[in-house]
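Note that the UniProt record's numbering has the sequence shown beginning at 1, numbered continuously upward.
No residue lacks a Cβ here, since even glycine has one placed at the ideal position from N, Cα and C.
Note that the structure is a prediction, hence the values are computed from the model and not measured.
Input: a single structure, listed below in structure tokens.
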Amino acid sequence: MPTARTAARPARAGSSSARRSPARGGRASARRRPATKAARRRRGGGRQAARWWPALLITAAVLVGLAWDTETTGVPGVPGQCTVAGSDLTLTTEQASSAATIAAVARVRGLPDRAAVLALATAQQESRMRNLDYGDRDSLGLFQQRPSMGWGTETQVRDPVYSASIFYDRLVEVPGWDTGRLTEVAQAVQRSGFPEAYQQWEPLATELTAVLGSPEPSRLDCRYEPASPVSAADVSAVAAAELGVAAMPRAGGAVFVDPAAGWPAATWAVAQAGRLQLAGIDFAGRRWTPEAGWTDAPEVGADAVVLRPGS
């Protein structure tokens, strides 16, 4: 878990994948990929080891940071760390970026906070909120969705906006999804081999949803290492796609985001700062930089959330 609570890397063989076909509800194929040498060594412990391995995964806490996938998003990522003021919650920059995208998609669709809580808990269990290029059988991405079971193409399920969107599509079809026990609702969507495993992440997902959707000045702060600059055009395209509002490059290289998106958009931008290589974010009397975090800036207006790409 990202944390006090940092995230553990899920084992390939133990990954709980989205096994049900959205179209037919069919059973998963028994066909598996050819075992690698490493996989054969892992199986050396036999069936008894396989029984206790899932429990070990649940209790493990190993900090893992991976670069954002450049093929599906068009923008690079870098390892780093994000923290939440007043909390012991710690995430990698990729985890924060993934969480912010998942929560933003729920807001754009007009879904209640409970939807984001369910999605974040599911993504934490399935991938530790990392855009994985591997998984059980052909499972991929944040939610370990399987192209062979009708969830989309390999490229689609590794696109965070698409994968979150199709998760929400399936979620809202579950009777009582907004009031049911989290792990039972998530299991109805995912059909995991570990149906109770989602429940443990409800407190984390609830806290993240509150932080990412807060209408108040952001509690989220991220630090990242400089990488190749991202153009204002690319920053604008990502912001518009994920926030569902206008995001326009202006003279001087800054990107102006519709102020109607408010503080959730500013918080989203902090979570994406490493991915988008942002040098600053301005909104409503506050300014964020990767060096100083949020500081007072009385000269900053509330007429736009201003994103300033690095150079």
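*C-alpha distance - residue 175 paired with residue 186, whole-angstrom precision*: Looking at the backbone, the Cα of residue 175 and that of residue 186 are separated by about 12 Å.
*State yes or no: is the C-beta of residue 232 within less than 9 Å of the C-beta of residue 213?*
Remark: C-beta atoms of residue 232 and residue 213 do not approach each other more closely than 9 Å.
*Tell me, to the nearest whole angstrom, how far the beta carbon of residue 111 is from that of residue 168; I am working on the premise that it is less than 8 Å.*
Here residue 111 really is in contact with residue 168; their C-beta atoms are around 6 Å apart, less than 8 Å.
*Check whether the Cβ atoms of residue 235 and residue 255 lie closer than 9 Å to each other.*
yes
*In its own chain, which residues sit with a C-beta less than 6 Å from the C-beta of residue 295, not counting the 5 before and 5 after it?*
287
*Please name the residue or residues paired with residue 89 in a DSSP beta bridge.*
In DSSP, residue 89 forms no bridge with anything.
*In whole angstroms, what separates the C-alpha of residue 125 from that of residue 198?*
For residue 125 and residue 198, the gap between their C-alpha atoms comes out near 6 Å.
_Own chain residues within Cβ distance below 6 Å of residue 246, not counting five before or after_ = 258
*If we count the other Cβ atoms within 10 Å of its Cβ and call it buried at 16 or more, is residue 230 buried or exposed?*
Residue 230 is buried by the Cβ-count criterion.
_Start and end residues, beta strand (DSSP E) containing residue 220_ = 220-224
*According to the neighbour-count rule (16 or more other Cβ atoms, all chains shown, within 10 Å of its Cβ), is residue 291 buried or exposed?*
Flag for residue 291 reads exposed.
*Host beta strand (DSSP E) of residue 278 (start-end)*: Unbroken beta strand (DSSP E) run through residue 278: 278-283.
*Kindly indicate which three-state DSSP category residue 304 falls into: helix, strand or coil?*
Annotated three-state conformation of residue 304 is coil, per DSSP.
*Which of helix, strand or coil DSSP assigns to residue 133*: coil
*Should residue 300 and residue 285 be called a contact, given that it needs their Cβ atoms to be closer than 9 Å?*
yes
*In angstroms with no decimal places, state the Cα-to-Cα distance between residue 86 and residue 219.*
Residue 86 and residue 219 have their C-alpha atoms spaced approximately 8 Å apart.
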